[in-house]
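Engineer:
In the numbering used here, the protein residues as written are 1 to 180.
1. Kindly indicate if chain C contains any beta-carbon less than 7 Å away from that of residue 80.
2. Going by other Cβ atoms of all chains shown within 10 Å of its Cβ, with 16 needed for buried, is residue 126 buried or exposed?
3. Go ahead and label residue 73 buried or exposed: buried means 16 or more other beta carbons lie within 10 angstroms of its beta carbon, across all protein chains shown.
4. DSSP three-state call for residue 68: helix, strand or coil?
5. So what's residue 16 in DSSP terms, helix, strand or just coil?
6. Tell me the DSSP secondary structure of residue 28 in three-state form.
7. Tell me the DSSP bridge mates of residue 97?
8. Residue 62 and residue 146 look like a contact to me (Cβ under 8 Å); what is the Cβ gap, rounded to whole Å?
9. To the nearest angstrom, report how far apart residue 24 and residue 179 are at their CA atoms.
10. Would the region 135 to 153 and the region 90 to 107 be scored as touching if the rule is three or more Cβ pairs under 8 Å?
11. Would you kindly check if the distance between the Cβ of residue 172 and the Cβ of residue 60 is under 7 Å?
12. Let me check understanding here. Comparing Cα to Cα, which of 168, 92 and 154 lies closest to residue 81?
13. Who are the Cβ neighbours of residue 29 in its own chain at under 6 Å, not counting the five residues just before and after it?
14. Can you tell me whether residue 58 is buried or exposed? The criterion is at least 16 other CB atoms within 10 Å of its CB, across all chains shown.
15. Between 108, 48 and 56, which lies nearest to residue 64 when the distance is taken from Cα to Cα?
16. With the cut-off set at 7 Å, would you say residue 36 and residue 68 are in Cβ contact?
17. As an exercise, report each continuous beta strand (DSSP E) stretch of at least 3 residues that is fully enclosed by the region 137 to 170, in chain order.
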């Protein structure tokens with residue numbers, strides 16, 4: 001995903017972040033040259049399946065993703081969480097019924113929450129957009145990457161208005177994916 005801070009940040013046509021720096025360091029020491037092409041997770045999975053790209057940076061391991069790519073060992077471990085406004089009447093996953101959750105389409109969070117009755121979704125192409133949909137009041141909760149959400153809230157001085165009611169909903173192992 002082009003917007004997955006702090007793993008990768010795409011601003012002013014410049015790509016930075018933890019995963020980018022890690023890969024740049026490896027390329028420098030191995031003599032490889034890199035070109036970063038920002039695309040959503042869905043676009044990158046299609047592109048690697050069609051041999052249009054060589055690797056996907058910071059792709060979470062899942063059975064669905066592993067059908068298309070070979071995943072490296074984990075380059076970053078975090079978790080999925082459930083973020084709500086501090087004054088919300090949502091205190092955990094069991095309170096989500098009849099609420100709307102913003103999340104990334106085809107994500108481990110969507111797969112996990114699919115079993116909750118009467119749950120509505122605002123599904124987006126990436127984690128950051130899902131978080132912004134939630135922050136705009138278009139959803140009652142955000143289900144997604146805890147590290148990314150904390151980074152975003154801190155950088156936008158919003159940390160005091162929101163809380164994670166579930167901080168370890170699911171483990172997330174970010175990898176580098178290469179075509180099969």
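All C-beta atoms in this analysis are idealised placements derived from N, C-alpha and C, irrespective of residue type, glycine included. Keep in mind the model is a prediction, meaning the values are calculated, not measured.
Structural biologist: Walking through what the data contain:
1. No chain C appears in the structure shown, which is made up of a single protein chain.
2. Position 126 of the chain shown, counted from the start, is the residue given in the question as residue 126. It is buried - the Cβ of residue 126 has at least 16 other Cβ atoms within 10 Å.
3. Translated into the one-based positions of the chain shown, residue 73 becomes position 73. With fewer than 16 other Cβ atoms within 10 Å, it is exposed.
4. Within the chain shown, the letter at position 68 stands for residue 68. Residue 68 falls in the coil class under three-state DSSP.
5. Taking the chain shown and counting its residues from 1, one reaches residue 16 at position 16. Note: residue 16 maps to strand in three-state DSSP.
6. As a first step, residue 28 is located in the chain shown; it is residue number 28 there, counting from the start. Helix, per DSSP.
7. Here residue 97 corresponds to residue number 97 of the chain shown, with the count starting at 1. Residue pairing by DSSP places residue 97 in no beta bridge whatsoever.
8. The residue given as residue 62 occupies position 62 in the chain shown. The residue given as residue 146 occupies position 146 in the chain shown. Actually they are not in contact, since the Cβ atoms of residue 62 and residue 146 sit about 17 Å apart, beyond 8 Å.
9. For the purposes of this step, residue 24 is taken as the residue at position 24 of the chain shown. For the purposes of this step, residue 179 is taken as the residue at position 179 of the chain shown. Those two C-alpha atoms are separated by around 20 Å.
10. yes
11. Here residue 60 is taken as the residue at index 60 of the chain shown, counted from 1. Here residue 172 is taken as the residue at index 172 of the chain shown, counted from 1. The answer is yes: Cβ separation under 7 Å.
12. The count along the chain shown starts at 1 and reaches residue 81 at position 81. Among 168, 92 and 154, the Cα nearest to that of residue 81 belongs to 168.
13. Translated into the one-based positions of the chain shown, residue 29 becomes position 29. Nothing meets the Cβ criterion.
14. The count along the chain shown starts at 1 and reaches residue 58 at position 58. That one is buried.
15. Looking up residue 64 in the chain shown gives position 64. Among 108, 48 and 56, the Cα nearest to that of residue 64 belongs to 108.
16. Your numbering for residue 36 matches position 36 in the chain shown. Your numbering for residue 68 matches position 68 in the chain shown. Contact flag unset, no.
17. 141 to 145
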